[in-house]
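Counted the way the numbering used here counts, the sequence shown spans residues 25 to 499.
The next block holds one structure in the form of structure tokens; read it before the comments.
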Amino acid sequence: MDKFSLSQIRQTSYYIPVIIFLFFGGFYLLTARGNVSEADGIINFMTTRALVETSSFSLPCDLPRKLVTQGANDVCYGKYGIGLPLMSVPLYLTGRLISGPAPANPNELSLPRLLVSTLNQWVTAVTCSILYILGFKMTGNKKQAVELALVFGLFTIAWPYASTNFSQPIIGFLLLAAVAFIYKSHSLVSNLLAGIFLGGAFLVRLDSLPLIMVVGIWAVSKMWPSHKARSTLAKVDKAFISSIAVILLPIAASLIIFSLIQLNHFGSLFQTGYEGEAWSHPFLTGFFGQLFSFGKGIVFYSPLVLLVPFGLFTLYKEGIKDLSILAAIFFLLQLLIYSSWWSWSGGWAWGPRFLVPALPLFMIGLLPWLKNKSSFTKLILACFILVSFVVQLVGVTTDPLQYFAGREIVAQQLLFDPTVSPIWVQFQFLLSKEVSLLIPSKGHGVLNQGQTIVWAAVALLLLTLSGRELTKTVS
25 MDKFSLSQIR
35 QTSYYIPVII
45 FLFFGGFYLL
55 TARGNVSEAD
65 GIINFMTTRA
75 LVETSSFSLP
85 CDLPRKLVTQ
95 GANDVCYGKY
105 GIGLPLMSVP
115 LYLTGRLISG
125 PAPANPNELS
135 LPRLLVSTLN
145 QWVTAVTCSI
155 LYILGFKMTG
165 NKKQAVELAL
175 VFGLFTIAWP
185 YASTNFSQPI
195 IGFLLLAAVA
205 FIYKSHSLVS
215 NLLAGIFLGG
225 AFLVRLDSLP
235 LIMVVGIWAV
245 SKMWPSHKAR
255 STLAKVDKAF
265 ISSIAVILLP
275 IAASLIIFSL
285 IQLNHFGSLF
295 QTGYEGEAWS
305 HPFLTGFFGQ
315 LFSFGKGIVF
325 YSPLVLLVPF
335 GLFTLYKEGI
345 KDLSILAAIF
355 FLLQLLIYSS
365 WWSWSGGWAW
375 GPRFLVPALP
385 LFMIGLLPWL
395 KNKSSFTKLI
405 LACFILVSFV
415 VQLVGVTTDP
425 LQYFAGREIV
435 AQQLLFDPTV
445 SPIWVQFQFL
455 LSKEVSLLIP
465 SKGHGVLNQG
475 QTIVWAAVAL
485 LLLTLSGREL
495 TKTVS
């Protein structure tokens, strides 16, 4: 390809988002953990396997009852949404094509399982690209938008969660995509895509419904003045209704799909598998715990969030009121909903898992910090980034299950005792070289030497080429 045509490609609107996706794809592959080890992830993987191998969602009933629900005709199903297993099917099929089907034993490793474990890596890479798009729409500045994507993908808990099989990173991606399509867009196609992403979020997790509703209310408040300014009242009504309808249609379709599956599996719309789990925990404990506790506080796991409220306030004063308010509502809503949840801590996970869906949009509050040119501001940002990088490195290179397995930690210790914080304990694991990464372990025994070298080479190639292009494009 000659220099002129490459220069033209670099000027296209999709070029930088693609480069960001490839950069993070390579980076996350290089630092992949390479195994589905969380209970949620294992159930979702087994559901994916069942979809491919048996064309059903049914699972063995001898699995822990906290993870599966018995339905009609004594058939059991995973209690989680169908969205994540469906998204994992292409990765499972790729592994199956190379090495055959995964074993039915949930404890046995395989290539399909290894590839399925990379789902959130690709999802988070796309999330970083969309965050760039939204940041560029907000500021018109490519450099700041790229920096925002890099900070989110490298220096928040987005990086460790990319190596998990939890559904929260997917919810964060789907909601951010919906917001990005609605923001500064008057196209019916964009609104339809936003609706598809919102409907998809509901199929991934039922508890995403409050955030979906918030996005819907925000969309209505945003579109009404826009249509009113462009047309007469009669035309406003028609255009406005059309815009909202194309958002609602996919959401309604997802509700219908969910209802049909529920009726088919359980004969009821209200049996979800979460019966017996409730908002039974003291609110203030969960509220404090998710924000400030040594064991689960977001300020320790993603210190950059301490800068975000000041940035959102600056955005509000600069006239970007709707997005700054929406980002704050996302974060506060997740925080408030899960402060009383019986498992407010998110279980065996790195940091406050239930705040993860709100983080992509919340991080737009860093844009004013990235824009500010003062030496003092740059120093503050650099210090926060350095601390955040160390924390995320610990979370990525060590396995949280190694911390939690066989360790009796009471809530008070997790809240107030820094010596039992996973950050500190797993930092000791890292110093002792007790790492849990795909490449050093050859995919935990799944890959041979040659396959491991190919994996590392592909990751390095993506990272190097995209990193170089990203530097050229921004400069």
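Glycine included, each C-beta is placed from N, C-alpha and C at the ideal position.
Predicted model, so just to flag it, every value in this text is computed and none were measured.
- Query: How many angstroms separate the CA atom of Asp423 from the CA atom of Gln416?
  - Reply: Taking the first residue of the sequence shown as position 1, residue 423 is located at position 399. Taking the first residue of the sequence shown as position 1, residue 416 is located at position 392. Each residue's Cα considered, the two are about 12 Å apart.
- Item | Alpha-carbon spacing of Leu494 relative to Ile33, whole angstroms | Position 470 of the sequence shown, counted from the start, is the residue given in the question as residue 494. Position 9 of the sequence shown, counted from the start, is the residue given in the question as residue 33. Approximately 13 Å, taken between the alpha carbons.
- Query: From this set, Phe324, Pro136, Glu132, Gln192, which residue's C-alpha is nearest Ser123's C-alpha?
  - Reply: The residue you call residue 123 lines up with position 99 of the sequence shown. The option with the nearest alpha carbon to Ser123 is Pro136.
- Query: Between the beta-carbon of Leu155 and the beta-carbon of Leu172, is there less than 8 Å?
  - Reply: Along the sequence shown, one-based indexing puts residue 155 at 131. Along the sequence shown, one-based indexing puts residue 172 at 148. Yes, the pair counts as a contact, with Cβ atoms nearer than the cut-off.
- Per-residue DSSP class, three states only, for Thr142: Indexing the sequence shown from 1 puts residue 142 at position 118. Reduced to three states, the DSSP call for Thr142 is coil.
- Alpha carbon to alpha carbon, what distance is there between Leu461 and Phe440? Numbered from its first residue, the sequence shown carries residue 440 at position 416. Numbered from its first residue, the sequence shown carries residue 461 at position 437. Going from the Cα of Phe440 to the Cα of Leu461 covers about 30 Å.
- Of the residues Leu272, Phe179, Thr180, Gly102, which one's Cα is nearest the Cα of Ala202? Along the sequence shown, one-based indexing puts residue 202 at 178. Considering only alpha carbons, the answer is Leu272.
- Item | In chain order, each alpha helix (DSSP H) run of at least 4 residues that lies wholly inside the segment 25 to 56 | 27 to 34, 39 to 54
- What's the C-alpha gap between Leu212 and Val238? Taking the first residue of the sequence shown as 1, we reach residue 212 at position 188. Taking the first residue of the sequence shown as 1, we reach residue 238 at position 214. Taking the straight line from one Cα to the other gives about 20 Å.
- Query: If you drop the 5 nearest sequence neighbours on each side, which residues of the same chain put their C-beta closer than 7 Å to that of Met25?
  - Reply: Taking the first residue of the sequence shown as position 1, residue 25 is located at position 1. For Met25, the predicted model reports a pLDDT of 48, less than 50, meaning its position is unreliable; a value from the coordinates is still stated below. Result list for Met25: empty, nothing under 7 Å.
- Item | Beta-carbon contacts of Gly321 that lie in its chain and below 6 Å, excluding the five residues immediately before and after | Position 297 of the sequence shown holds residue 321. So the list reads Leu315, once near-sequence residues are dropped.
- Query: Taking just the CA atoms, how far does Ile241 sit from Leu217?
  - Reply: Residue numbering aside, residue 217 sits at position 193 when the sequence shown is read from its first letter. Residue numbering aside, residue 241 sits at position 217 when the sequence shown is read from its first letter. Roughly 17 Å separates the two Cα atoms.
- Note the first and the last residue of the continuous alpha helix (DSSP H) segment covering Phe92. Within the sequence shown, the letter at position 68 stands for residue 92. According to the sequence provided, residue 92 is Val. The question's Phe does not apply to it. Counting along the chain, Val92 falls outside any alpha helix (DSSP H), though it belongs to the beta strand (DSSP E) covering 92 to 94.
- According to DSSP, residues forming a beta bridge with Gly102: Translated into the one-based positions of the sequence shown, residue 102 becomes position 78. Val92, per the DSSP bridge assignment.
- Task: On a CA-only basis, which of Ile268, Gly371, Glu458, Val140 is nearest Trp248? Give me that one, please.
- Result: Counting from 1 along the sequence shown, the entry for residue 248 is found at position 224. Looking at the Cα atoms, Ile268 is the closest of the given residues.
- Item | Alpha carbon of Ser153 to alpha carbon of Phe48, nearest angstrom | On the sequence shown, position 129 is the one that residue 153 refers to. On the sequence shown, position 24 is the one that residue 48 refers to. One C-alpha to the other measures close to 9 Å.
- Message: Per DSSP, what are the beta-bridge partners of Leu83 in this structure?
- Response: Mapped onto the sequence shown, residue 83 falls at position 59. Its beta-bridge partners are Cys100.
- So Arg73 is in the alpha helix (DSSP H); what residue range does that whole segment cover? Position 49 of the sequence shown, counted from the first residue, corresponds to residue 73. Where Arg73 is concerned, the enclosing alpha helix (DSSP H) stretches over 63 to 78.
- With 16 other Cβ atoms within 10 Å as the buried cut-off, status of Gln452: Position 428 of the sequence shown, counted from the start, is the residue given in the question as residue 452. Exposed: under 16 other Cβ atoms inside 10 Å.
- Item | Alpha-carbon to alpha-carbon, Asp64 and Ala480 | Translated into the one-based positions of the sequence shown, residue 480 becomes position 456. Translated into the one-based positions of the sequence shown, residue 64 becomes position 40. Their Cα atoms are separated by approximately 28 Å.
- From Leu438 to Val444, what distance separates their C-alpha atoms? Within the sequence shown, numbered from 1, the residue matching residue 438 stands at position 414. Within the sequence shown, numbered from 1, the residue matching residue 444 stands at position 420. Their backbone Cα atoms lie some 7 Å apart in a straight line.
- Who are the near neighbours of Ser348 in its chain, counting only those whose CB is closer than 7 Å to its CB and skipping five residues on each side? The residue you call residue 348 lines up with position 324 of the sequence shown. The answer, listed in chain order, is Leu336, Leu339, Tyr340.
- Query: Of the choices Pro376, Trp366, Pro127, Gly177, whose alpha-carbon is the least far from that of Phe355?
  - Reply: In the sequence shown, residue 355 corresponds to position 331, counting from 1. If we check each option's Cα against that of Phe355, Pro376 comes out closest.
- Put Trp479 into one of helix, strand or coil per three-state DSSP. Taking the sequence shown and counting its residues from 1, the one referred to as residue 479 is at position 455. In the structure shown, Trp479 sits in a helix (DSSP, three-state: H, G or I).
- Item | Own chain residues within Cβ distance below 8 Å of Ser82, not counting five before or after | Here residue 82 corresponds to residue number 58 of the sequence shown, with the count starting at 1. Result list for Ser82: Ala74, Val99, Cys100, Tyr101, in chain order.
- Task: Could you check which residue in Val92, Lys167, Leu133 has the C-alpha nearest to that of Trp393?
- Result: Position 369 of the sequence shown, counted from the start, is the residue given in the question as residue 393. The shortest C-alpha separation from Trp393 is found at Lys167.
- Message: Does the segment 185 to 195 come into contact with the segment 377 to 397, if we say contact requires no fewer than three beta-carbon pairs (one atom in each stretch) closer than 8 Å?
- Response: yes
- Would you kindly work out how many angstroms separate the C-alpha atoms of Leu485 and Ile477, rounded to a whole number? As a first step, residue 485 is located in the sequence shown; it is residue number 461 there, counting from the start. As a first step, residue 477 is located in the sequence shown; it is residue number 453 there, counting from the start. If you take the alpha carbons of Leu485 and Ile477, they lie about 12 Å apart.
- Beta carbon of Cys85: closer than 7 Å to some heavy atom of the ligand MG? No copy of the ligand MG occurs in the structure displayed, which carries no ligand at all.
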